DNA sequence: CTTGACCTTCCAATCATGGGAAGGTGTAGC
DNA sequence: GCTACACCTTCCCATGATTGGAAGGTCAAG
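Residue numbers (the numbering used here), protein chains in the order written: chain D, 1 to 128; chain C, 1001 to 1128.
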């Protein structure tokens, strides 16, 4: 299958497939006589793995590490678990930061009349 | 005061002050005879406003809009409140997305032995 | 009058992705 | 066989916010 069909089948855009190949996240696929990239089911499988890892918030570099673990049949599951839990902690930290921002801002907004008058504690507070 | 002192006083790095000026988020300051940027207390005040808006998660573009509202004494507080609440919603959406990722991953990790054996449901699930 | 801390501009890199140009290829219909 | 169109190739550029560094000018203290 060509890159467009692999994109369709994996949920990774053709652009990104080429990019992942360029940065060596995935191996270069076979080529047809005319130079077209040719993908097989295993390649699509790998691409789907990458897409899911990315959708779980892993960076491309982390995704590469996960891929290596995925392909290494002899790795210890403890390695994978450690990486996952470290990532969970990072995700929760980021989520908490965003929620703290939202909380602060919602608090400020609750003190703002929100009518036609110009006085607004939100801006007053940001600019104080 | 020079840019280094303005950076110190505002909490915005000298690099970013120059960048904000370049993209016209803030007005160009006065210049000394030798070409050094010269900042006054109002400039520092503006920079501090920018820093706080950024720390509340507003993009630079949104920060520019807030700055315009801040300087416009005749704006309606409703405009500010609407913008703030829209931003709160976006922040909460992003936080929820991160938490969903964390939850999924924590769930996967809870089913992983995390010992020396190779079988690991985390990778199995990502790659299925 | 030298040293060191500061300033200037310019250029490049980061991370992940998308957009588009210029040109080659594959296939369907006529 | 020719034409149209969808697809492929590589290459360069843009995003958003920030940091890093190089090359060179300025200022103040010793």
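For each residue, glycine too, the CB sits at the ideal point set by N, CA and C. In this text the structure is predicted, and so the values were computed from the model without any measurement.
Query: Contact with chain D by residue 1062 (chain C), beta-carbon distance below 9 Å; Result: no
Query: Residue 126 (chain D) at chain C interface by Cβ criterion, 9 Å; Result: yes
Query: Cβ contact check for the segment 57-72 of chain D and the segment 1071-1085 of chain C: 3 or more pairs under 8 Å; Result: no
Query: Extent of the continuous alpha helix (DSSP H) to which residue 1121 (chain C) belongs; Result: 1121-1126
Query: Reference residue 106 (chain D); option with closest CA among C:1082, C:1126, C:1118, C:1111; Result: C:1082
Query: Cβ pair residue 1065 (chain C), residue 108 (chain D) closer than 9 Å; Result: no
Query: Test: residue 25 (chain D) CB closer than 9 Å to a CB of chain C; Result: no
Query: Counterpart residues of residue 37 (chain D) in DSSP-defined beta bridges; Result: D:31
Query: Three-pair Cβ contact test at 8 Å for the segment 1004-1013 of chain C versus the segment 1033-1048 of chain C; Result: yes
Query: Cβ of residue 1099 (chain C) within 9 Å of any chain D Cβ; Result: yes
Query: Whole-angstrom distance between residue 2 (chain D) and residue 30 (chain D), CA atom to CA atom; Result: 10 Å
Query: Reference residue 55 (chain D), options D:10, D:121, D:111, D:119, closest by Cα; Result: D:10
Query: Backbone secondary structure at residue 49 (chain D) - three-state DSSP; Result: helix
Query: Residue 95 (chain D) beta carbon less than 9 Å from that of residue 1098 (chain C); Result: yes
Query: Between the CA atoms of residue 12 (chain D) and residue 39 (chain D) - distance to the nearest angstrom; Result: 13 Å
Query: Sequence-distant residues of the same chain with beta carbon closer than 8 Å to residue 1069 (chain C), five excluded per side; Result: 1075, 1079, 1080, 1083
Query: Closest Cα partner of residue 103 (chain D) within the set C:1127, C:1101, C:1114, C:1091; Result: C:1091
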